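So the sequence shown is numbered by numbering that gives the first Met the number 0: it starts at 0 and just counts up by one. Backbone N, C-alpha and C define an ideal beta-carbon position, used for all residues, glycine too. Everything numeric in this text was worked out from a predicted model, so none of it was measured.
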Amino acid sequence: MRLVTNIVEEFRKNLEWATRIDIASAWATRTESLSALVQEVERRGISVRAIVGISGRATDPDALRLLQEAGELRIADDPPLFHPKFYHFQGQAKAVAWIGSANFTAAGGFGQRGEQHAPQNTETLFETRDVAAAAEWFEAEWKEHEEVCREQLEKYRQERKKRPPEPSIKRIVHAPNIGPDARSVFLDEAKDWGGYVRALEECDTWWKHQRRCKFSVLGETDSWVHTIARLRPLAESRDWSKLEAQECKKLLGLIGGEGGWALLGNMRGAGTACSSFEKDSVLRRRIGEIVERVVNAKDHEFPEYAVKAVNAVEELDGYSIGIATRLLAIARPDRCVSLNGQSRRLLVARFPNVGRLSTTGGYGRLLQQVYRQPWYHASEPEDQCELEWWGMRAALLDCFVYERSGT
Numbered sequence: 000m001r002l003v004t005n006i007v008e009e010f011r012k013n014l015e016w017a018t019r020i021d022i023a024s025a026w027a028t029r030t031e032s033l034s035a036l037v038q039e040v041e042r043r044g045i046s047v048r049a050i051v052g053i054s055g056r057a058t059d060p061d062a063l064r065l066l067q068e069a070g071e072l073r074i075a076d077d078p079p080l081f082h083p084k085f086y087h088f089q090g091q092a093k094a095v096a097w098i099g100s101a102n103f104t105a106a107g108g109f110g111q112r113g114e115q116h117a118p119q120n121t122e123t124l125f126e127t128r129d130v131a132a133a134a135e136w137f138e139a140e141w142k143e144h145e146e147v148c149r150e151q152l153e154k155y156r157q158e159r160k161k162r163p164p165e166p167s168i169k170r171i172v173h174a175p176n177i178g179p180d181a182r183s184v185f186l187d188e189a190k191d192w193g194g195y196v197r198a199l200e201e202c203d204t205w206w207k208h209q210r211r212c213k214f215s216v217l218g219e220t221d222s223w224v225h226t227i228a229r230l231r232p233l234a235e236s237r238d239w240s241k242l243e244a245q246e247c248k249k250l251l252g253l254i255g256g257e258g259g260w261a262l263l264g265n266m267r268g269a270g271t272a273c274s275s276f277e278k279d280s281v282l283r284r285r286i287g288e289i290v291e292r293v294v295n296a297k298d299h300e301f302p303e304y305a306v307k308a309v310n311a312v313e314e315l316d317g318y319s320i321g322i323a324t325r326l327l328a329i330a331r332p333d334r335c336v337s338l339n340g341q342s343r344r345l346l347v348a349r350f351p352n353v354g355r356l357s358t359t360g361g362y363g364r365l366l367q368q369v370y371r372q373p374w375y376h377a378s379e380p381e382d383q384c385e386l387e388w389w390g391m392r393a394a395l396l397d398c399f400v401y402e403r404s405g406t
């Protein structure tokens with residue numbers, strides 16, 4: 000085992016003898032190192048396999064194209080975040096593997112001084128000649144991802160062109176150890192709707208970097224957006240007495256682990272209330288009728304209707320403000336915020352003038368402050384994806400303030 004610090008120079012030296020190179024990197028960009036790899040493929044016909052992540056759209060589409068033309072390419076989409084930095088050089092007489100902190104990017108240590116994107120980070124890689132375990136790991140990852148076609152790469156190029164990575168996204172990508180409280184910085188810069196979108200993307204990237212975290216903010220599954228989109232039709236049902244057992248569990252966040260349906264606060268601690276909600280169809284109908292009045296409320300009737308609904312739910316035996324606001328946030332994610340045990344501390348830090356959030360009065364003041372935010376009262380966006388987020392903009396505050404144990 001030895002330490003590789005002059006990454007660019009030693010990468011070039013390895014290209015001279017390697018007949019096969021396997022790469023697994025969270026991101027990739029165009030660099031002189033990538034160009035040297037392509038030239039060696041053309042000169043000697045060496046074999047190249049690469050698995051590259053595209054989280055936050057930080058990967059350059061041209062880098063993907065070059066890797067695909069040079070050999071075999073597989074893309075790792077998220078969640079969960081694909082985050083390795085792995086390079087396996089194999090030749091006729093020897094083989095070495097590099098494992099460390101350097102992505103296959105200029106900022107990750109593979110750029111030359113003087114290039115357009117010169118190295119920004121101090122990176123290191125450990126080199127080992129005991130490559131059996133490393134080779135086995137790569138083969139397993141290779142089987143987990145499918146080979147991409149040119150049409151898929153072009154689709155990614157167009158998506159990235161339409162929604163390029165923000166500098167702040169790149170900053171988070173290269174500094175993943177931002178503390179939980181630092182997420183408020185994302186909202187500090189949300190002076191309009193575009194700023195809120197960037198904040199959501201930053202928060203999405205932050206969550207994907209958390210260890211053992213299998214959920215995200217904007218992902219197609221196991222995310223805040225997915226949870227709200229899938230549960231909202233249940234909450235809008237006119238007759239809650241007809242909800243099936245699984246639907247009841249989903250509404251209360253009782254299915255699955257920490258992510259998925261449990262986002263926006265799970266109600267596992269409210270055992271009696273959860274049991275009665277599942278078993279008592281008359282009670283469910285009553286709660287559904289309370290929520291329905293909020294679903295049908297006009298914009299100018301908030302937050303008054305929301306506060307009345309919370310009071311009505313809290314009057315039921317065993318029901319708390321946490322259950323009430325979760326259900327309201329699912330039913331009207333454009334207007335209501337989930338107030339749960341994992342979100343209160345950072346909500347108070349973010350909106351210090353609301354007073355005690357354990358009271359309905361505090362909840363009403365919280366909603367009023369949310370409605371005053373410049374990103375909140377922005378006009379509807381034309382982009383269909385952003386339009387979906389716009390319809391959830393109040394409930395999505397939870398992703399900025401939810402405190403996960405261990406983060």
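Closer than 8 Å: residue i CB and nearest the ligand MG heavy atom
{"i": "Glu135", "result": "No copy of the ligand MG appears in this structure; indeed no ligand is present at all."}
Straight-line gap, residue i to residue j (C-alpha atoms, nearest Å)
{"i": "Glu313", "j": "Gly390", "result": "26 Å"}
{"i": "Tyr318", "j": "Phe276", "result": "10 Å"}
{"i": "Ser46", "j": "Glu15", "result": "13 Å"}
{"i": "Ala308", "j": "Trp205", "result": "34 Å"}
{"i": "Pro175", "j": "Asp316", "result": "Per-residue confidence for Pro175 stands at a pLDDT of 45, beneath the threshold of 50, marking its modelled position as unreliable; no derived number is given."}
{"i": "Lys161", "j": "Ser357", "result": "42 Å"}
{"i": "Phe85", "j": "Asp187", "result": "36 Å"}
{"i": "Arg229", "j": "Glu219", "result": "11 Å"}
{"i": "Glu379", "j": "Leu346", "result": "25 Å"}
{"i": "Arg159", "j": "Gly194", "result": "18 Å"}
{"i": "Ile6", "j": "Ile20", "result": "15 Å"}
{"i": "Leu152", "j": "Pro302", "result": "46 Å"}
{"i": "Arg331", "j": "Glu150", "result": "38 Å"}
{"i": "Ala132", "j": "Asp279", "result": "55 Å"}
{"i": "Glu201", "j": "Val224", "result": "15 Å"}
{"i": "Glu381", "j": "Arg292", "result": "29 Å"}
{"i": "Tyr370", "j": "Gly340", "result": "22 Å"}
{"i": "Ala244", "j": "Ala393", "result": "28 Å"}
{"i": "Ile286", "j": "His376", "result": "29 Å"}
{"i": "Glu140", "j": "Val130", "result": "15 Å"}
{"i": "Gly108", "j": "Leu63", "result": "18 Å"}
{"i": "Phe185", "j": "Leu217", "result": "15 Å"}
{"i": "Val353", "j": "Tyr401", "result": "18 Å"}
{"i": "Arg237", "j": "Ala296", "result": "14 Å"}
{"i": "Glu300", "j": "Ser54", "result": "40 Å"}
Sequence-distant residues of its chain with Cβ nearer than 8 Å to residue i (five each side left out)
{"i": "Leu233", "result": "Leu242, Glu246, Lys249, Leu250, Ile329"}
{"i": "Ile289", "result": "Ala308, Ala311, Val312"}
{"i": "Lys190", "result": "Pro373, Trp374"}
{"i": "Trp192", "result": "Trp374, Ala377, Ser378, Pro380, Glu385, Trp389"}
{"i": "Arg11", "result": "Ser32, Ala35"}
Whole-number beta carbon distance between residue j and residue i, since they are thought to touch under 8 Å
{"i": "Arg231", "j": "Leu253", "result": "Not really, about 18 Å apart at Cβ, beyond 8 Å."}
{"i": "Asp59", "j": "Ala23", "result": "In fact, because the Cβ distance is near 17 Å, the residues do not count as touching under 8 Å."}
{"i": "Val147", "j": "Arg73", "result": "7 Å"}
{"i": "Val407", "j": "Trp97", "result": "Since the first residue of the chain shown is 0 and the last is 406, residue 407 is not available in this structure."}
{"i": "Leu366", "j": "Ala305", "result": "6 Å"}
{"i": "Gly52", "j": "Ala35", "result": "In fact, because the Cβ distance is near 22 Å, the residues do not count as touching under 8 Å."}
{"i": "Asp203", "j": "Gly259", "result": "16 Å between Cβ atoms; not a contact."}
{"i": "Leu199", "j": "Leu395", "result": "7 Å"}
{"i": "Thr18", "j": "Gly90", "result": "5 Å"}
Nonlocal neighbours in the same chain, by C-beta distance under 7 Å from residue i, ignoring five residues either side
{"i": "Ala134", "result": "His87"}
{"i": "Gly255", "result": "Ala261"}
Endpoints, the beta strand (DSSP E) within which residue i is located
{"i": "His87", "result": "84–89"}
{"i": "Arg283", "result": "From DSSP, Arg283 is part of no beta strand (DSSP E) but of the alpha helix (DSSP H) over 280–294."}
{"i": "Arg42", "result": "From DSSP, Arg42 is part of no beta strand (DSSP E) but of the alpha helix (DSSP H) over 31–43."}
{"i": "Asp21", "result": "19–24"}
{"i": "Arg343", "result": "Where Arg343 is concerned, there is no enclosing beta strand (DSSP E), although the alpha helix (DSSP H) it sits in stretches over 343–349."}
{"i": "Ile124", "result": "Checking the displayed sequence, the identity of residue 124 turns out to be Leu instead of Ile. Here the beta strand (DSSP E) through Leu124 covers 124–127."}
{"i": "Ala49", "result": "46–52"}
{"i": "Val3", "result": "1–3"}
Min CB distance residue i to chain D below 9 Å
{"i": "Pro373", "result": "Of the chains in the structure shown, none is chain D; there is only one protein chain."}
The alpha helix (DSSP H) enclosing residue i, as first and last residue numbers
{"i": "Trp136", "result": "131–143"}
{"i": "Glu71", "result": "Careful: Glu71 lies outside any alpha helix (DSSP H), inside the beta strand (DSSP E) at 71–75."}
{"i": "Val400", "result": "397–400"}
{"i": "Trp16", "result": "6–16"}
{"i": "Val196", "result": "192–207"}
{"i": "Ala94", "result": "Taken as a continuous stretch (DSSP letters only), Ala94 belongs to no alpha helix (DSSP H), being part of the beta strand (DSSP E) at 94–99."}
{"i": "Arg325", "result": "320–330"}
{"i": "Ala189", "result": "Neither: Ala189 is in no alpha helix (DSSP H) and is coded neither H nor E."}
{"i": "Ala308", "result": "303–313"}
{"i": "Glu300", "result": "Element bounds for Glu300: n/a, residue is neither H nor E."}
{"i": "Pro232", "result": "223–234"}
Own chain partners of residue i with C-beta closer than 6 Å, once the 5 adjacent residues on each side are dropped
{"i": "Val95", "result": "Phe88, Glu126, Arg128"}
{"i": "Leu263", "result": "Arg325, Ala328, Ser337, Asp397"}
{"i": "His82", "result": "Ala25"}
{"i": "Glu71", "result": "Arg48"}
{"i": "Arg1", "result": "Glu126"}
{"i": "Arg403", "result": "none"}
{"i": "Glu9", "result": "Val3"}
Checklist line | Whole alpha helix (DSSP H) elements within the stretch 353–392, 4-residue minimum | finding: 359–370, 383–389
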